[in-house]
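Worksheet for the structure shown next.
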Amino acid sequence: DGNLDVEITRRSNDEVGVLAQSLKETAHELKKRIDYINNLAYVDELTGMKNSTAYWQEVSRLKESGENNYAVAVIDLNGLKQINDMFGHHCGNELIITMSKMITDVFGYENAYRAGGDEFIVMGTVNSEKEVRDYWTAVEAEVEKYNQKNDKKAQLSFSYGYDVFKMSASTYLEECIKVTDEKMYQNKKQKKLARAEQLKEN
Numbered sequence: 022d023g024n025l026d027v028e029i030t031r032r033s034n035d036e037v038g039v040l041a042q043s044l045k046e047t048a049h050e051l052k053k054r055i056d057y058i059n060n061l062a063y064v065d066e067l068t069g070m071k072n073s074t075a076y077w078q079e080v081s082r083l084k085e086s087g088e089n090n091y092a093v094a095v096i097d098l099n100g101l102k103q104i105n106d107m108f109g110h111h112c113g114n115e116l117i118i119t120m121s122k123m124i125t126d127v128f129g130y131e132n133a134y135r136a137g138g139d140e141f142i143v144m145g146t147v148n149s150e151k152e153v154r155d156y157w158t159a160v161e162a163e164v165e166k167y168n169q170k171n172d173k174k175a176q177l178s179f180s181y182g183y184d185v186f187k188m189s190a191s192t193y194l195e196e197c198i199k200v201t202d203e204k205m206y207q208n209k210k211q212k213k214l215a216r217a218e219q220l221k222e223n
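Note that the numbering used here numbers the sequence shown so that position 122 is 143, with each residue one more than the last.
Below is the structure:
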């Protein structure tokens, strides 16, 4: 039935025992191979997070399940191109990896995805909007600690937007994702303006 974890208990030295042991070893190797292929298909190579393929699979699952009380968040690193130009792509990759670890530490590996480039997505069940805000407070605190330790190097900065949907995912999920994206770009715009004002003052 495709269950490769079934334990074959026949242990004997006759032909049936040899066949049972051979089937057990074959199932074990096949499971390892399938896990490896799934890892290539659904895990981001750079960060070890789940990738965009895994994200869209989760979107499809949610729409079919009709679950609600879900939060969707989009996170985008700020100024990554400039950092790559100034410090090299290895530095930009380090920031992507650092951000991915912070996101998975706070939100959980099962809820976090690298959508591609410098963009991340978080999806998960929540009890209230306050719970989501508390998560972001934790992420921002981790970013601040990182930047204090690396004050002579490239600083980590990000923009984000989130939304919580309480209606059935099958009827509301796409709208929630769209709103979340718009909020993220608004947040990015605000941070750019604040940064420009700061540079003028200095």
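Yeah, the Cβ is synthetic: ideal placement off N, Cα and C, and Gly gets one too.
- Query: Looking at D97 and Y167, is the spacing between their C-beta atoms short of 9 Å?
  - Reply: On the sequence shown, residue 167 is found 146 positions in, with the first residue counted as 1. On the sequence shown, residue 97 is found 76 positions in, with the first residue counted as 1. Taking 9 Å as the Cβ cut-off, Y167 and D97 do not qualify as a contacting pair.
- Query: What are the boundary residues of the beta strand (DSSP E) that M70 is part of?
  - Reply: Here the question's residue 70 lines up with position 49 in the sequence shown. Run containing M70: none; DSSP gives neither H nor E here.
- Alpha carbon to alpha carbon, how far is A136 from G113? Give it in angstroms, no decimals. Reading the sequence shown from its first residue, position 92 is the one you call residue 113. Reading the sequence shown from its first residue, position 115 is the one you call residue 136. If you draw a straight line from the Cα of G113 to the Cα of A136, it comes to about 16 Å.
- Query: Of all the beta strand (DSSP E) runs that stay within the bounds of the region 134-159, which reach a length of 3 or more residues?
  - Reply: 140-146
- Item | Reduced DSSP category for G38 - H, G, I as helix; E, B as strand; rest coil | On the sequence shown, position 17 is the one that residue 38 refers to. Helix.
- Measuring CB to CB, does Y156 end up less than 9 Å from A75? For this step, residue 156 is matched to residue 135 along the sequence shown. For this step, residue 75 is matched to residue 54 along the sequence shown. Not a contact, by the Cβ cut-off of 9 Å.
- Task: Excluding the 5 residues preceding and the 5 following V268 in the sequence, name in chain order all residues of the same chain whose CB lies nearer than 6 Å to its CB.
- Result: An answer regarding residue 268 cannot be provided, because it is not within the stretch 22 to 223 covered by the chain.
- Going by C-alpha distance, which of M70, S81, A175, F108 is nearest M123? Indexing the sequence shown from 1 puts residue 123 at position 102. If we check each option's Cα against that of M123, M70 comes out closest.
- Does the separation of the CB atoms of Y91 and G129 fall below 9 Å? Mapped onto the sequence shown, residue 91 falls at position 70. Mapped onto the sequence shown, residue 129 falls at position 108. In this structure, G129 does not lie closer than 9 Å to Y91 by Cβ.
- Query: Among residues of its own chain, excluding the 5 on either side of N34, which ones have a beta-carbon nearer than 7 Å to its beta-carbon?
  - Reply: If you number the sequence shown from 1, residue 34 lands on position 13. None.
- Item | Alpha-carbon to alpha-carbon, K173 and D65 | Start at 1 with the first residue of the sequence shown, and residue 65 comes out as number 44. Start at 1 with the first residue of the sequence shown, and residue 173 comes out as number 152. So the two alpha carbons sit approximately 29 Å from each other.
- Query: If we cut at 9 Å on Cβ distances, does V143 have a partner in chain D?
  - Reply: Checking the listed chains, one finds no chain D in this structure; it contains a single protein chain.
- With DSSP run on the structure shown, which of helix, strand or coil describes L177? Position 156 of the sequence shown, counting from 1, holds the residue named residue 177. Coil.
- Task: Return the residue from the list N148, E161, M205, G109 that minimises the CA-CA distance to M120.
- Result: As a working note, residue 120 is residue 99 in the sequence shown. Nearest neighbour of M120 by Cα position, chosen from N148, E161, M205, G109, turns out to be E161.
- Item | 7 Å Cβ shell around K210 - same chain, five flanking residues per side excluded | As a working note, residue 210 is residue 189 in the sequence shown. Excluding sequence neighbours, K210 sits near nothing in its chain.
- Below 9 Å between beta carbons: does that hold for E150 and V185? Translated into positions along the sequence shown, residue 150 becomes position 129. Translated into positions along the sequence shown, residue 185 becomes position 164. With contacts defined as CB atoms closer than 9 Å, E150 and V185 qualify as a contacting pair.
- Using only alpha-carbon positions, find the residue among G100, E115, L116 that is nearest to A217. Taking the first residue of the sequence shown as 1, we reach residue 217 at position 196. Here the closest residue by C-alpha is G100.
- Please state if the CB of I142 and the CB of L67 are separated by a distance shorter than 9 Å. Position 46 of the sequence shown, counted from the first residue, corresponds to residue 67. Position 121 of the sequence shown, counted from the first residue, corresponds to residue 142. Contact: no.
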